[in-house]
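Engineer:
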Amino acid sequence: MRSGPPYCSLGGHGRTAVGGPLHPRRGGAWELLIREFGPAVHDAARFTLRRVLGSAHDEDVENVYQGVLLGLCDKDAHRLKLFQSRSSFKTWVTSVTARFALNYIRTEKRKGSLKYLALDASATDLPDRDLFTGEVEDRERVHRALEKIPPREKLILKLFYFDGLSYKAVAEILRIPVNSVSPLLIRAKESLRKHAEIP
Amino acid sequence: MNCPRSEQAAAYADGRLDAADSARYLEHCADCDECRRTLAILHQSLPESAVPPAMEARAISALRRSLDRERTPRPFRRTNLPRAHKSPAGLLIAAALLVASSGSC
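Order-wise, the sequence lines are chains A and B.
Position 175 of the first sequence, counted from 1, bears residue number 239 in this note's numbering, the numbering being contiguous throughout.
Position 40 of the second sequence, counted from 1, bears residue number 61 in this note's numbering, the numbering being contiguous throughout.
Below is the structure:
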């Protein structure tokens with residue numbers, strides 16, 4: 065059983081051709097798609113911009129919102145055809161929007177006016193987030209050491225320190241109990257200190 | 022939209038990757054900032070808000086314009102014709118080919 069409305073079946077293998085049904089003059093399926101999934105795109109755009117930048121200006125939200133929707137229909141719906149129903153259509157659209165927004169932020173950041181904040185605002189109260197804020201030399205050594213530790217330890221450190229996620233959010237992503245996060249973080253930090261040769 | 026693993030983030034968030042694929046994906050996230058941040062965003066509960074009607078209307082018209090542009094055939098232009106139609110030398114070659122082909126019948 066496939067989730068989502070009929071036009072969701074347009075993406076992926078062995079399904080309906082996109083050409084006819086999605087032409088706006090023949091039934092307005094694109095409008096329907098915008099009306100049904102536009103809110104998910106809008107919410108993901110606003111959320112990503114707000115969490116990464118600290119605020120979400122309407123102009124930036126609209127740029128991302130419109131960019132994603134146009135990107136889906138562009139080049140004969142090439143992007144939409146990539147959807148293979150391996151997730152719900154809404155989650156996929158949210159994922160696509162988050163990526164688009166991150167790229168948008170990166171492009172804007174290159175212009176020099178934006179700064180990154182923690183993804184998870186609730187995590188800012190947590191103590192001990194100073195591992196990567198020491199002297200420049202230490203930080204560079206730590207970043208080099210990050211490349212040498214096991215991927216799982218690297219991921220948990222990045223989620224906690226770079227993205228500012230809470231223990232609960234880290235646990236949900238890694239699908240582990242919340243009370244396992246702290247010991248894993250301690251072990252990962254020890255491993256990192258060893259490789260970075262920081263006492 | 023550059024990482025080829027775009028759909029995997031969604032599949033992982035929906036719990037539709039098996040254990041081996043999940044492990045591979047998480048390993049990839051340890052090195053790919055884009056995937057890791059996407060994963061982090063997908064695991065947060067997004068506050069819902071209505072799309073402003075004017076924003077939605079602008080998106081629909083932009084989409085229509087884009088689709089119309091894609092579906093409008095390019096106008097026929099003389100410059101698209103083979104060069105043989107435009108230069109005397111081309112005409113001579115075309116005529117020679119015509120004679121040769123009629124002679125071989």
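Yeah, the Cβ is synthetic: ideal placement off N, Cα and C, and Gly gets one too.
Owing to the predicted nature of the structure, the values given are computational and were not obtained by experimental measurement.
Can you tell me the Cα-Cα spacing of Glu123 of chain A and Gln130 of chain A, whole angstroms?
Structural biologist: Going by the C-alpha atoms only, they are around 10 Å apart.
Engineer: Compute the distance between the beta-carbons of Leu133 of chain A and Gly102 of chain A, then report whether it is under 8 Å.
Structural biologist: It is a contact, given that the beta carbons lie within the stated cut-off.
Engineer: Does Ser27 of chain B come out as helix, strand or coil in the three-state DSSP assignment?
Structural biologist: helix
Engineer: Checking contacts by CB at 8 Å: is Ala187 of chain A closer than that to chain B?
Structural biologist: Reliability fails at Ala187 of chain A, whose pLDDT of 46 lies under 50, so the model's placement of it is uncertain and no value is given.
Engineer: Under 8 Å by Cβ, that's how I've got Ala104 of chain A and Leu63 of chain B pegged, so tell me the actual separation to the nearest angstrom.
Structural biologist: About 12 Å separates the two Cβ atoms, so there is no contact after all.
Engineer: State yes or no: is the beta carbon of Lys218 of chain A nearer than 8 Å to at least one beta carbon in chain B?
Structural biologist: yes
Engineer: Buried or exposed: which applies to Asp39 of chain B, given that a residue is buried once 16 or more other Cβ atoms fall within 10 Å of its Cβ?
Structural biologist: exposed
Engineer: Report yes or no: is there a C-beta of chain B within less than 8 Å of the C-beta of Glu126 of chain A?
Structural biologist: yes
Engineer: Would you kindly work out how many angstroms separate the C-alpha atoms of Asn167 of chain A and Asn243 of chain A, rounded to a whole number?
Structural biologist: Each residue's Cα considered, the two are about 34 Å apart.
Engineer: Using a threshold of 8 Å, state whether the C-beta atoms of Leu219 of chain A and Leu47 of chain B are closer than that.
Structural biologist: yes
Engineer: Counting along the chain, where does the alpha helix (DSSP H) carrying Phe111 of chain A start and finish?
Structural biologist: Ala93 to Leu117
Engineer: Using CA atoms only, rank isn't needed, just tell me which of B:Ala30, B:Ala32, B:Glu55 and B:Glu28 is closest to Arg170 of chain A.
Structural biologist: B:Glu55
Engineer: To the nearest angstrom, report how far apart Ala75 of chain B and Asp138 of chain A are at their CA atoms.
Structural biologist: 22 Å
Engineer: Less than 8 Å separating the beta-carbons of Lys222 of chain A and Arg45 of chain B?
Structural biologist: no
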